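When the sequence shown is numbered by this note's numbering, its final residue is 428 and no position is left out of the sequence of numbers. Notes for the one structure printed next.
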Amino acid sequence: MRTLLKNGKINVGANQLQNAAIWIEDEIIQAIGLTFDEKNFDQVIDLKGQLVTPGLVDVHVHFREPGFTYKETIKTGSLAAARGGFTTVCAMPNLDPVPDSVENFEQVQAIIKKDAVVKVHQYASITKKLRSDELTDQVGLKQAGAFAFTNDGVGVQTAGTMYLAMKEAAKNKMAIVAHTEDESLLFGGVMHAGKRAQELGLPGILSATESSQIARDLILAQETGVHYHVCHVSTKESVRIIREAKQAGVHVTCEVCPHHLILHDMDIPNDHGFWKMNPPLRAADDRQALIEGLLDGTIDCISTDHAPHGFEEKCQSFLKAPFGIVGSEYAFQLIYTHFVKTNIFTLEQVIDWMATKPAEIFNLTAGKLQIGSKADLAVFDLDNQYTVCDQHFLSQGKNTPFVGWQLYGDTTHTFVDGKLVWKKDGK
């Protein structure tokens, strides 16, 4: 099948766009030019002047299957990713059963192979059942296809356990990906410990809950030489110590989520579970530190931490609702609208943080728009404003405070290996 994408635009530096046509054949980008003879193609798709980017790469999603399919499935989660322009995603292991053995891991892989519409790389857990101190069989899990190791959803509480896991991962040339949360510092907190928590009468989560465990892990990462990746950085202290560790030569990378870049705790209007996420929305100066961390290279990439839940369980108080926010379907649009259109970030930077860099960090075959690369592509309408509507979500999760927001950059097409896997309006 020869496919021609005509009348597209590609980013060629900063916010500069250039007209482009893309020839796809055998799942590969064969040529990029201005025009091609349409008679030579089996399929011609007119992109009508819209932006074409490498397919976005999200290294942090929760697809909930097996075990919690009332929240999400691999099929619905991957469709939501495609709706947002993501062609490669990395799925967390807080499942039931946890992919902590080759047998359990292969069970998840079988569902991915059957149902996923985008490329899904599955994490295995660092320890058995996530909360134990018993390490998993890293060699066996790597051979089964594990992307990296993480206990996301909970932090590894024991330094000795993390040290041994890092030592083994370094030997196996695998990454340790950390949800950093010292539970001894939680004190029942449900949102950031700040003025807004006091106003709402809710127990707060200290910034040190996150940053103190990062500090511990950075010392261990330096000791073991492992590739250590920090999930969803949210505090200014975390940014500072990661910056210092990079300067000291520690092999550390990290990610930040759109909601932490755009919102802070004083934006929370009331005690409603849609605003409850982990880590929580932090203070305004934390938010500014995250933006500065992206710009100076301390923070490497943007991920969504797409975390769907049942509607009823999220429509509760902070004290009862589970942590989590969905994000796959509008992450690029949030960043484009709030940072590119306001000249804080360039389009080139955003594509780098949301496609190229996450692929490079984990050595994935993704994140490139060039001749010879896989035809994993996303197309965005940068000119027309649209409204975030949860009734249009492909995810089963509706839990987000961004419903009703006006955004630019809606996804119109998503291609995986040259195959159209999602199109706006389905036409």
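Quick reminder that beta carbons are idealized off the backbone N, C-alpha and C, glycines included. Because the structure is a prediction, the values reported are computed rather than measured.
Counterpart residues of residue i in DSSP-defined beta bridges
{"i": "D411", "result": "D382"}
{"i": "A125", "result": "F150"}
{"i": "T254", "result": "H230"}
{"i": "R3", "result": "E26"}
{"i": "G205", "result": "M192"}
{"i": "T388", "result": "Q407"}
{"i": "T54", "result": "A379"}
{"i": "G34", "result": "A22"}
{"i": "N12", "result": "L18"}
{"i": "V62", "result": "A92, H307"}
{"i": "I326", "result": "H307"}
{"i": "V417", "result": "K420"}
Cutoff 7 angstroms; reference residue i; Cβ partners in own chain excluding five residues on either side
{"i": "I23", "result": "L6, G9, I30, I33, V53"}
{"i": "N271", "result": "none"}
{"i": "N173", "result": "Q139, V140, K143"}
{"i": "G50", "result": "N8, K10"}
{"i": "G311", "result": "Y71, K72"}
{"i": "E314", "result": "A322, P323"}
{"i": "V45", "result": "L5, K7, E39"}
Extent of the continuous beta strand (DSSP E) run through residue i
{"i": "T162", "result": "Where T162 is concerned, there is no enclosing beta strand (DSSP E), although the alpha helix (DSSP H) it sits in stretches over 160 to 172."}
{"i": "T88", "result": "87 to 92"}
{"i": "A176", "result": "176 to 179"}
{"i": "L264", "result": "Neither: L264 is in no beta strand (DSSP E) and is coded neither H nor E."}
{"i": "V45", "result": "44 to 47"}
{"i": "L421", "result": "420 to 424"}
Contacting residues, own chain, Cβ-Cβ under 6 angstroms from residue i (five flanking each side not counted)
{"i": "H122", "result": "C91, F148"}
{"i": "S208", "result": "T236, E238"}
{"i": "W276", "result": "I269, P402"}
{"i": "W423", "result": "A83, R84, T415"}
{"i": "C302", "result": "E256, W354, K358, P359"}
{"i": "V103", "result": "G141, A145"}
{"i": "L370", "result": "P55"}
Beta carbon of residue i nearer than 9 angstroms to that of residue j
{"i": "V191", "j": "Q223", "result": "no"}
{"i": "T151", "j": "I127", "result": "yes"}
{"i": "M267", "j": "K196", "result": "yes"}
{"i": "P67", "j": "L96", "result": "yes"}
{"i": "V234", "j": "I220", "result": "no"}
{"i": "A145", "j": "Q199", "result": "no"}
{"i": "A379", "j": "T412", "result": "yes"}
{"i": "T254", "j": "V231", "result": "yes"}
{"i": "I25", "j": "G419", "result": "yes"}
{"i": "I326", "j": "R288", "result": "no"}
{"i": "C390", "j": "G405", "result": "yes"}
{"i": "V240", "j": "G294", "result": "yes"}
{"i": "E184", "j": "G156", "result": "yes"}
{"i": "A308", "j": "C316", "result": "no"}
{"i": "H228", "j": "A166", "result": "no"}
{"i": "S304", "j": "G78", "result": "no"}
{"i": "H273", "j": "F319", "result": "yes"}
{"i": "L57", "j": "A356", "result": "yes"}
{"i": "D116", "j": "I75", "result": "yes"}
Backbone CA spacing between residue i and residue j [nearest angstrom]
{"i": "H63", "j": "M93", "result": "5 angstroms"}
{"i": "D47", "j": "T225", "result": "52 angstroms"}
{"i": "G154", "j": "R3", "result": "43 angstroms"}
{"i": "T70", "j": "Q386", "result": "33 angstroms"}
{"i": "F188", "j": "E182", "result": "12 angstroms"}
{"i": "H261", "j": "R283", "result": "7 angstroms"}
{"i": "G368", "j": "T89", "result": "9 angstroms"}
{"i": "R132", "j": "I206", "result": "20 angstroms"}
{"i": "V119", "j": "F394", "result": "17 angstroms"}
{"i": "P281", "j": "H193", "result": "6 angstroms"}
{"i": "F324", "j": "A332", "result": "18 angstroms"}
{"i": "F87", "j": "Y337", "result": "15 angstroms"}
{"i": "G398", "j": "Q334", "result": "18 angstroms"}
{"i": "V13", "j": "V351", "result": "13 angstroms"}
{"i": "V417", "j": "M175", "result": "26 angstroms"}
{"i": "N20", "j": "R65", "result": "40 angstroms"}
{"i": "T162", "j": "L136", "result": "8 angstroms"}
{"i": "V60", "j": "L80", "result": "16 angstroms"}
{"i": "D306", "j": "T343", "result": "24 angstroms"}
{"i": "A290", "j": "E361", "result": "24 angstroms"}
Enclosing alpha helix (DSSP H) for residue i [first to last residue]
{"i": "D286", "result": "285 to 296"}
{"i": "F359", "result": "This sequence places Pro at residue 359; Phe is not what is there. Looking at the DSSP string, the run of the alpha helix (DSSP H) that includes P359 is 358 to 362."}
{"i": "Q248", "result": "237 to 248"}
{"i": "I113", "result": "103 to 116"}
{"i": "I336", "result": "332 to 336"}
{"i": "S133", "result": "Segment: none, S133 is in no alpha helix (DSSP H) and carries neither H nor E."}
{"i": "Q144", "result": "139 to 145"}
{"i": "V351", "result": "348 to 352"}
{"i": "T366", "result": "Counting along the chain, T366 falls outside any alpha helix (DSSP H), and DSSP gives it neither H nor E."}
Contacts around residue i, its chain only, beta-carbon distance under 8 angstroms, and the 5 residues preceding and following it disregarded
{"i": "Y124", "result": "C91, A92, M93, P94, P100, A147, F148, A149, F150, T151, D153, V178"}
Residue i at chain C interface by Cβ criterion, 9 angstroms
{"i": "V253", "result": "The displayed structure is made up of one protein chain only, and chain C is not part of it."}
Proximity test, residue i beta-carbon vs the ligand ZN heavy atom, cut-off 8 angstroms
{"i": "I33", "result": "Here there are no bound small molecules, and the ligand ZN is not part of this structure."}
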